[in-house]
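Data block below; observations after.
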Amino acid sequence: MHLKINGFEMAFTSQGEGKPLLFVHGFPLNRQLWRPQVEALSRVAHVIAPDLRGHGESQAVPGEHSLELFAEDLNALLDALHVKERVVLCGLSMGGYIAFEFYRRYTTRVDALVLTATRATADTKEGRAAREQMAALVRQEGIASIVEGMTTRLLSPNTIQTHKSLVDSVRQMMNEVSIEGVLGDLWAMKNRPDSTPTLRTITVPTLILHGEEDQIVPQEEARRMAQLIPQAQFIRIPQAGHLPNLEQPEAFNRALQDFIQSLP
Ligand code: MLT
């Protein structure tokens with residue numbers, strides 16, 4: 022489905038009925054990331070999964086992006102879909118950074134948080150320099166120049182060896198992103214604030230899911246978040262890297278379903 026919101030054409034999946042679950046993908050992917058969750062959870066809930074601006078089938082918008090802008094896009098999508106009920110907001114990695122921003126801005130719209138493969142801290146000086154290098158590479162040589170490197174960082178070595186179709190679909194998602202989308206994400210992530218002070222202010226139930234072999238966000242960062250968020254539960258997903266929802270969909274969906282059922 023497509024809708025014009027916030028001045029661009031946004032593509033999204035909206036499937037099922039019941040409790041709204043809003044899924045926000047990470048960098049540099051798109052809503053296909055959530056395919057196993059859309060399939061399983063749209064039987065019991067209203068699953069909403071957008072392509073962020075510049076990703077997948079959503080229109081690319083040149084210029085600087087920010088977490089605020091992404092959060093506004095999500096809020097506008099919920100308005101356009103007339104979602105009145107509070108949502109379970111599930112963000113993976115950059116989607117988690119956006120979830121913190123969404124929570125700060127639209128607290129009353131959030132019923133629960135699911136934070137996957139993400140961190141609260143801002144980029145270090147080295148991290149910001151690496152974003153600039155990646156942006157320069159993409160400007161000079163295009164998206165293809167980052168696909169192989171990202172694939173080996175996103176997935177666990179076991180997934181890469183044993184799950185060729187999944188590896189191909191992750192590569193395909195990356196090949197579908199626009200240059201504007203990648204540059205916009207890198208800018209937004211590089212300039213994002215430290216969300217650590219937000220953690221103690223989170224008053225909704227929170228599930229933190231983290232792949233045991235995540236090479237991008239160390240597990241300790243996720244465990245620290247779980248200690249600081251008052252009502253947080255931490256679940257480690259074995260044999261998964263940075264995309265546990267795709268690499269171990271059964272374990273991931275089971276944890277998510279149990280969490281949703283436990284909500285008041
Ligand atoms: C993501 O998966 O969204 C990004 O790799 C996160 C990051 O680079 O900080």
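The C-terminal residue of the sequence shown carries number 285 in my numbering, and the numbering is unbroken.
Using N, Cα and C, we set each Cβ at its ideal position, and we do this for glycine too.
For this session: Kindly indicate the opening and closing residues of the alpha helix (DSSP H) around Pro239.
Result: Per DSSP, Pro239 belongs to no alpha helix (DSSP H) and is neither H nor E.
Problem set entry | Between the CA atoms of His23 and Arg244 - distance to the nearest angstrom | Our two residues, Arg244 and His23, have alpha carbons roughly 37 Å apart in a direct line.
Exercise. Would you call the CB atoms of His46 and Gly117 closer than 7 Å?
Worked result: In this structure, Gly117 does not lie closer than 7 Å to His46 by Cβ.
Problem set entry | heavy atom of ligand 1 below 6 Å from Met246 C-beta | Flag unset: Cβ of Met246 not near ligand 1.
Problem set entry | Beta-ladder partner(s) of Arg257, from DSSP | For Arg257, the pairing in a beta bridge is given by DSSP as His231.
Exercise. So what does Phe33 bridge to, in DSSP terms?
Worked result: Phe33 has Pro71 as its beta-bridge partners, per DSSP.
Exercise. Which partner residues of Ile26 appear in the DSSP bridge assignment?
Worked result: Bridge partners of Ile26 according to DSSP: Phe29.
For this session: Please confirm whether any heavy atom of ligand 1 lies closer than 6 Å to the CB of Ile258.
Result: Ile258: no, Cβ never under 6 Å from ligand 1.
Problem set entry | Start and end residues, beta strand (DSSP E) containing Gly112 | Its beta strand (DSSP E) spans residues 108-113.
Exercise. How would you write the range of the alpha helix (DSSP H) that Pro178 sits in, first residue to last?
Worked result: Residues 178-183.
For this session: Within its chain, find whatever has a CB closer than 6 Å to the CB of Gln254; leave out the 5 residues flanking it on each side and keep chain order.
Result: Leu228.
For this session: On the DSSP bridge assignment, give the partners of Thr137 in chain order.
Result: Paired residues: Leu113, Leu230.
For this session: Please go through the region 147-213 and give each complete beta strand (DSSP E) segment of 3 or more residues, from N-terminal end onward.
Result: For the region 147-213, not a single whole beta strand (DSSP E) run of length 3 or above is found.
Problem set entry | CA nearest to the CA of Thr34, picked from Thr172, Leu102, Ser87 | Comparing alpha-carbon positions, the option among Thr172, Leu102, Ser87 lying closest to Thr34 turns out to be Leu102.
Exercise. Which term fits Pro226, buried or exposed, when burial requires 16 or more other beta carbons within 10 angstroms of its beta carbon?
Worked result: When all chains shown are included, Pro226 counts as buried.
Exercise. For ligand 1, any of its heavy atoms closer than 6 Å to the Cβ of Ile223?
Worked result: Checking the Cβ of Ile223 against ligand 1 gives no.
For this session: Answer yes or no: the CB of Phe48 versus the heavy atoms of ligand 1, is any distance below 6 Å?
Result: It does: the Cβ of Phe48 is within 6 Å (strictly closer) of some heavy atom of ligand 1.
Exercise. Under 6 Å from any heavy atom of ligand 1, does the C-beta of Met210 make it?
Worked result: For Met210, the shortest C-beta to heavy atom distance toward ligand 1 is below 6 Å.
For this session: Quick one: measure Cβ to Cβ for Ala143 and Pro214, integer angstroms, because I've assumed they're closer than 8 Å.
Result: About 6 Å; that satisfies the 8 Å criterion.
Problem set entry | Residues near Val104 by beta carbon distance below 7 Å, same chain, minus five either side | Taking Val104 as the centre and dropping the five residues before and after it, the same chain places the C-beta of Pro41 closer than 7 Å to its C-beta, in chain order.
Exercise. If you draw a straight line from the C-alpha of Gln330 to the C-alpha of Gly262, how long is it?
Worked result: Nothing about residue 330 can be read from this structure; the chain reaches only from 22 to 285.
For this session: Identify, in the order they occur along the chain, each residue of the same chain with its Cβ nearer than 6 Å to the Cβ of Ser87, setting aside the five sequence neighbours on each side.
Result: Counting only Cβ-Cβ distances below 6 Å, and skipping sequence neighbours, we find Ala209.
For this session: Closer than 7 Å by C-beta to Lys211: which residues in its own chain qualify, once you throw out the five before and the five after it? Chain order, please.
Result: The answer, listed in chain order, is Asp144, Arg149, Arg152.
Problem set entry | DSSP three-state assignment for Pro286, whether helix, strand or coil | With the chain covering 22 to 285 only, the question about residue 286 has no answer from this structure.
Exercise. From Glu106 to Ser166, what does the alpha carbon distance come to, in whole angstroms?
Worked result: When rounded, the distance between both Cα atoms is 42 Å.
Exercise. Hey, how far is the Cα of Glu93 from the Cα of Ala120?
Worked result: The alpha-carbon atoms of Glu93 and Ala120 are separated by roughly 11 Å.
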